[in-house]
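J.: In full-length UniProt numbering, the protein residues as written are 1 to 475. From the three backbone atoms N, C-alpha and C, an ideal C-beta is built for every residue, glycine too. From a predicted model like this one, the values you see are computed outputs, not experimental measurements.
1) Please determine, among 388, 60 and 25, the residue with the shortest C-alpha to C-alpha distance to residue 14.
2) Using beta-carbon positions only, say whether residue 415 and residue 223 come within less than 8 Å of one another.
3) Under DSSP, the beta strand (DSSP E) around residue 201 begins and ends at which residues?
4) Taking one C-beta from the region 226-244 and one from the region 334-352 each time, how about it: are there three or more such pairs within less than 8 Å?
5) Mind checking whether residue 216 and residue 450 have CB atoms under 8 Å apart?
6) Could you work out which residue in 446, 440 and 281 is closest to residue 429 when comparing CA atoms only?
7) Hey, which unbroken runs of the alpha helix (DSSP H) at 4 residues or more fall wholly within the region 145-222?
8) Quick check on DSSP: helix, strand or coil for residue 28?
9) Who are the Cβ neighbours of residue 441 in its own chain at under 6 Å, not counting the five residues just before and after it?
10) Determine the extent of the alpha helix (DSSP H) in which residue 41 is found, giving its start and end residues.
11) With the cut-off set at 8 Å, would you say residue 347 and residue 369 are in Cβ contact?
12) Taking the C-alpha atoms as reference points, what is the distance between residue 457 and residue 424?
13) Is it right to say residue 166 is buried, meaning 16 or more other beta carbons lie within 10 angstroms of its own, or is it exposed?
14) Please check the pair residue 276 and residue 204, which I expect to be a contact at CB under 8 Å, by giving their CB distance rounded to whole angstroms.
15) My assumption, with CB atoms under 8 Å, is that residue 37 sits in contact with residue 22. Please give the rounded CB distance.
16) Would the region 284-298 count as touching the region 314-332 if we require 3 or more Cβ pairs under 8 Å?
17) Compute the Euclidean distance between the alpha carbons of residue 186 and residue 180, then round it to the nearest angstrom.
18) Please report the straight-line C-alpha distance between residue 402 and residue 188, rounded to a whole angstrom.
19) Comparing alpha-carbon positions, which option in 27, 30 and 62 lies nearest residue 42?
20) Using 10 angstroms around the beta-carbon of residue 213, count the other beta-carbons present and answer buried if the total reaches 16, otherwise exposed.
21) Within 8 Å, do at least three Cβ pairs link the region 167-177 to the region 188-197?
22) Buried or exposed for residue 464, going by 16 or more other Cβ atoms inside 10 Å?
23) Can you name the residues that DSSP bridges to residue 21?
24) Have a look at residue 53 and residue 25 and give me their C-alpha separation to the nearest angstrom.
25) Per DSSP, what kind of secondary structure is residue 300 in: helix, strand or coil?
26) In the DSSP assignment, the alpha helix (DSSP H) including residue 455 goes from what residue to what residue?
27) Determine the DSSP secondary structure at residue 321, reduced to helix, strand or coil.
28) By how many angstroms is the C-alpha of residue 380 removed from the C-alpha of residue 146?
29) If residue 220 and residue 422 are in contact, beta carbons under 8 Å, what's the gap, nearest whole angstrom?
30) Let's see if you can read the secondary structure: which residues bound the beta strand (DSSP E) around residue 443?
31) Can the beta-carbon of residue 144 be found less than 8 Å from the beta-carbon of residue 94?
32) Exposed or buried, what is residue 206 when buried is set at 16 or more other beta-carbons lying within 10 Å of its beta-carbon?
33) My guess is that residue 201 and residue 231 are in contact by the Cβ rule of under 8 Å, so how many angstroms apart are they, rounded?
34) According to DSSP, simplified to helix, strand and coil, what is residue 278?
35) Bridge partners for residue 96 per DSSP, in chain order?
36) How big is the Cα-Cα spacing for residue 30 and residue 51?
Pasting the structure below:
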């Protein structure tokens with residue numbers, strides 16, 4: 001709707017000199033209508049040399065050339081944008097960015113020569129990113145759904161998760177989820193966990209959508225040992241989340257939602273292995289209180305624009321993570337390697353259990369057949385692989401399926417099974433035996449393999465081992 005309003009305003013402004021001229025010539029001066037119309041059109045081309053008979057015509061003859069010039073500039077700009085878009089489309093990795101706000105400029109700057117500024121019209125590109133208000137993104141996608149049917153589209157949405165998309169090429173994303181994934185990647189808890197014998201305490205001050213994503217992602221990637229105990233302590237408004245995600249209680253790592261204020265538990269805040277202060281109202285004041293009340297030297301701060309304007313940003317005890325900017329990093333948003341790994345897992349399973357040939361065409365076909373839950377499960381498995389590689393490097397072990405010692409493979413398979421169980425628990429699945437003899441029932445959300453690794457059959461354990469082998473073979 002806004003696009004049509006803007007277009008209508010431009011047309012009205014362009015026609016303003018014409019209307020003034022017709023009033024001045026045909027109505028006030030009494031000239032024939034067709035003659036008046038002809039002379040008014042000539043004004044747009046600087047073809048009016050007579051003395052204006054009245055003020056209406058005077059206004060028209062000065063504004064008409066301005067209207068012409070403005071439309072020439074607009075036409076040239078549109079033509080230039082289209083030509084640049086086509087030239088960039090010739091690249092195999094072109095990405096068109098649509099939307100509003102600072103994220104558009106941020107993405108285009110990082111995309112460089114492969115970025116295409118979308119504007120109002122649909123330009124050719126190999127992939128599309130829609131940022132800004134969710135309603136406008138959905139409206140734009142619906143308007144161009146036919147043209148975008150065979151193109152990967154990344155659509156920013158606050159209310160819809162990736163599970164809401166049945167189309168394999170349409171991915172809903174939120175900046176908070178991207179920031180959470182990037183933070184855990186960069187923070188790298190494995191070395192800290194080893195030093196602490198895998199007994200850690202992580203405290204979050206503040207929660208909200210960002211806290212939810214940090215917790216969900218952390219529970220799926222911070223898996224380092226079968227007997228670990230990583231505690232997550234949440235201070236700040238997690239009642240709804242706790243009530244909805246009942247499966248969290250089945251996860252071995254405790255998640256504690258505190259009802260009391262954080263400053264009544266300074267012992268916990270002081271001793272925590274990781275302290276995350278999330279963006280929230282009056283964050284600078286909270287940080288000042290925290291720096292005064294504790295002596296801890298490292299505080300991870302998820303900062304917004306409000307903190308950037310204060311001296312706190314330079315405090316050496318505060319490790320600033322500009323999450324809003326990092327959330328729109330193309331590498332974390334598009335992440336071709338993550339998707340390649342997820343598709344490789346699915347294709348190998350299709351080959352082993354469905355006799356599907358392992359070809360590039362079948363990789364895409366089999367991926368398109370997946371339901372959203374299974375698709376995201378494979379993505380979760382691929383995402384955890386980065387942690388696995390860091391563990392192998394720290395242990396001095398080869399990241400090769402052929403050279404990996406059997407004992408190490410068995411440990412990694414057990415950790416993978418723990419991650420797989422957590423993914424299901426976080427979506428409120430429980431253990432159960434379906435009546436039809438199958439392993440799972442998606443409707444009732446029960447699965448027969450939601451048991452400790454040691455209780456799995458050898459065939460089910462081999463699936464976890466094969467998952468490791470597949471991912472170690474993907475470059």
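T.: Once the coordinates are examined:
1) With distances taken between Cα atoms, residue 14 lies closest to 60.
2) Yes. Within cutoff.
3) 199-205 is the span of the beta strand (DSSP E), which, as asked, contains residue 201.
4) Result no; under three Cβ-Cβ pairs closer than 8 Å.
5) Their beta carbons are not under 8 Å apart, which means residue 216 does not touch residue 450 by this criterion.
6) Answer by Cα proximity: 446.
7) Complete alpha helix (DSSP H) runs here, min 4: 175-187, 190-195 and 208-221.
8) For residue 28, the secondary structure class from DSSP, reduced to helix, strand or coil, is helix.
9) Scanning its chain for C-beta atoms nearer than 6 Å, with the 5 sequence neighbours on each side dropped, one finds around residue 441 the residues 434, in chain order.
10) Start and end: 33-44.
11) No; because the gap between Cβ atoms is not below 8 Å, this pair is not in contact.
12) In a straight line, the C-alpha of residue 457 is about 19 Å away from that of residue 424.
13) The Cβ neighbour count for residue 166, taken over all protein chains shown within 10 Å, is under 16; the residue is labelled exposed.
14) That belief holds up - the Cβ atoms of residue 276 and residue 204 are roughly 5 Å apart, short of 8 Å.
15) Rounded, the Cβ-Cβ distance is 7 Å, consistent with contact.
16) Because the criterion of three Cβ pairs below 8 Å is met, the region 284-298 and the region 314-332 touch.
17) Here the alpha carbon of residue 186 sits roughly 10 Å from the alpha carbon of residue 180.
18) Taking the straight line joining both Cα atoms gives about 26 Å.
19) In terms of CA proximity to residue 42, 62 leads the group 27, 30 and 62.
20) Residue 213 should be labelled buried.
21) Taking 8 Å as the limit for Cβ pairs, the verdict is that the region 167-177 does not touch the region 188-197.
22) It counts as buried.
23) DSSP lists no partner for residue 21.
24) A direct Cα-to-Cα measurement between residue 53 and residue 25 gives close to 8 Å.
25) Strand.
26) Segment: none, residue 455 is in no alpha helix (DSSP H) and carries neither H nor E.
27) Reduced to three states, the DSSP call for residue 321 is strand.
28) Looking at the two C-alpha atoms, the distance is approximately 30 Å.
29) About 6 Å separates the two Cβ atoms, so the contact holds.
30) In this chain, residue 443 is not harboured by any beta strand (DSSP E), its DSSP state being neither H nor E.
31) Taking the C-beta atoms as reference points, residue 94 is found no nearer than 8 Å to residue 144.
32) Residue 206 comes out buried.
33) Between residue 231 and residue 201 the Cβ distance is about 5 Å, and since that is below 8 Å, they are a contact.
34) In the three-state scheme derived from DSSP, where H, G and I count as helix and E and B as strand, residue 278 is classed as coil.
35) Paired residues: 116 and 128.
36) Answer to the nearest angstrom: the Cα atoms are 16 Å apart.
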